[in-house]
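Protein chains in written order, with the numbering used here: chain P, 1 to 193; chain W, 1001 to 1193.
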DNA sequence: GTCAAAATAGAATCGGTATTCTAGTATACA
DNA sequence: TGTATACTAGAATACCGATTCTATTTTGAC
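Here you go:
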């Protein structure tokens, strides 16, 4: 019993994604989300108790999507593949990439994580840490602090750096990016088998 | 003729710097600047016509300070030194580094550059471009597009990425950062003489 | 058909922040 | 000592965006 829904959660989350990607965090207002979804603000608040929750869901959905593929490669022991996963993912998911790599979470949300969602964030962070540690051990022999730093640098920080410039300019990362990321991985971690 | 000033431009700019570094862009309000400088808001507006102008001055002052040392090394032909300039500068100028590397200009300013200041920004961008081009030519033989990308990556993007994680955590970048930046430079550009 | 539940609608609040306004103050110079 | 001037002061205003409130609409069950 009750009326059929006209809007869905994802409709609003998608609208928010478009807005952040195109106009940046300052353009992301509840009114703008409603407008883009062709809905009144009240309907947005019917789905999400606050802007922070809406944004947190968007952020989590995006990180989970990114991390899933990344960890898969890592578990296969494919280090240079994991390093190049970032530029590849960015080409496939341009708006999501702009959200994730051009802005910090706290730029988009005013408060802390909504309680309901802290579990999901812990799971993500835990997964990443475990996989990274295991891979480092398998790859460099021992997961010392220095080795972990090295791995973070080669697998995450450098690909991010390589890609950022192009995201900012609204362009797809060119092929040279993959080249640079790969060369750096080899230099810092070593050639693969 | 006229009353002696009690406050100075720099007093307010410094206050703004502290605030951004400690509380992030959302903490940077004109009231906060006034409070930290122990002045009333009216006095801030007596010095700066708007928040955007205040922020723009802060931003420019900081970029100029950073870029000066960077270009000096580049003109000396010291590539790996220039690459390691970033972590070093960050250790010396913690608050400035957090301003520059943790936030984008448009996070801090609502509008465009104030007209008065566009010249200074063009000069900065122009200087950097010229130096980079010249250095690339001297170093890699020819300033092709690919070579410039390579140089941007090794000299700017990678050092930035290597340092960011620590700035975010409020820590000084450890020694391993310099090591990684340097190894990457060698791998991507080549050993120096 | 009628009722209750689930949703839509969008106008009305409410709070926070940049900016403006109107007075008051101190200093140099006559 | 008087006065013009550059400055300090902080209260009042204006605006913008999140959130709330009060209908209104649609639908399934009886």
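Ideal placement from N, C-alpha and C gives every residue a C-beta, glycine not left out.
| query | result |
| --- | --- |
| Nearest residue (CA-CA) to residue 36 of chain P, options P:45, P:16, P:55 and P:53 | P:16 |
| Alpha carbon of residue 1103 of chain W to alpha carbon of residue 1131 of chain W, nearest angstrom | 25 Å |
| Any C-beta of chain P under 8 Å from that of residue 1160 of chain W | yes |
| In chain order, each alpha helix (DSSP H) run of at least 4 residues that lies wholly inside the stretch 74–141 of chain P | 79–92, 94–102, 105–108 and 115–140 |
| Buried or exposed by the 16-neighbour rule on C-beta atoms within 10 Å, applied to residue 57 of chain P | buried |
| Residue of P:149, P:163 and P:189 minimising C-alpha distance to residue 1175 of chain W | P:149 |
| Cutoff 8 Å; reference residue 40 of chain P; Cβ partners in own chain excluding five residues on either side | 34 |
| Contact belief for residue 83 of chain P with residue 166 of chain P at Cβ below 8 Å, rounded distance in angstroms | With a Cβ gap of about 17 Å, residue 83 of chain P and residue 166 of chain P do not count as contacting. |
| Cα-Cα separation, residue 7 of chain P to residue 112 of chain P | 27 Å |
| Expected contact under 8 Å - CB spacing of residue 90 of chain P and residue 173 of chain P to nearest Å | 6 Å |
| Within chain W, partners of residue 180 of chain P - CB distance below 8 Å | 1149, 1150, 1153 and 1188 |
| Contact with chain P by residue 1129 of chain W, beta-carbon distance below 8 Å | no |
| Test item: CB-CB of residue 1158 of chain W and residue 163 of chain P under 8 Å | no |
| Contacting positions in the stretch 72–98 of chain P - beta carbon closer than 9 Å to chain W | none |
| For residue 20 of chain P and residue 1059 of chain W, the rounded distance between their alpha carbons | 24 Å |
| Proximal residues to residue 116 of chain P (C-beta, below 8 Å), its chain only, five neighbours per side dropped | 53 |
| Terminal residues of the alpha helix (DSSP H) in which residue 1150 of chain W lies | 1145–1152 |
| Beta-carbon proximity of residue 138 of chain P to residue 77 of chain P, cut-off 8 Å | yes |
| Straight-line Cα distance separating residue 1063 of chain W from residue 1046 of chain W | 25 Å |
| Cα-Cα separation, residue 1093 of chain W to residue 1125 of chain W | 21 Å |
| Length of the line joining the Cα atoms of residue 1080 of chain W and residue 1114 of chain W | 36 Å |
| Reduced DSSP category for residue 8 of chain P - H, G, I as helix; E, B as strand; rest coil | coil |
| Reduced DSSP category for residue 1003 of chain W - H, G, I as helix; E, B as strand; rest coil | coil |
| Close beta carbons around residue 27 of chain P, own chain, < 8 Å, minus the five adjacent residues each side | 19 and 20 |
| Host alpha helix (DSSP H) of residue 28 of chain P (start-end) | Unbroken run through residue 28 of chain P: none, as it is neither H nor E. |
| CB of residue 1188 of chain W within 8 Å of CB of residue 192 of chain P, strictly | no |
| Chain W contact for residue 144 of chain P (CB, 8 Å cutoff) | no |
| Cα-Cα separation, residue 1144 of chain W to residue 1133 of chain W | 9 Å |
| Chain P contacts from the stretch 1097–1119 of chain W (Cβ-Cβ distance under 9 Å) | 1102, 1103, 1104, 1106, 1107 and 1110 |
| Interface flag, residue 38 of chain P vs chain W, CB-CB below 8 Å | no |
| Straight-line gap, residue 74 of chain P to residue 3 of chain P (C-alpha atoms, nearest Å) | 46 Å |
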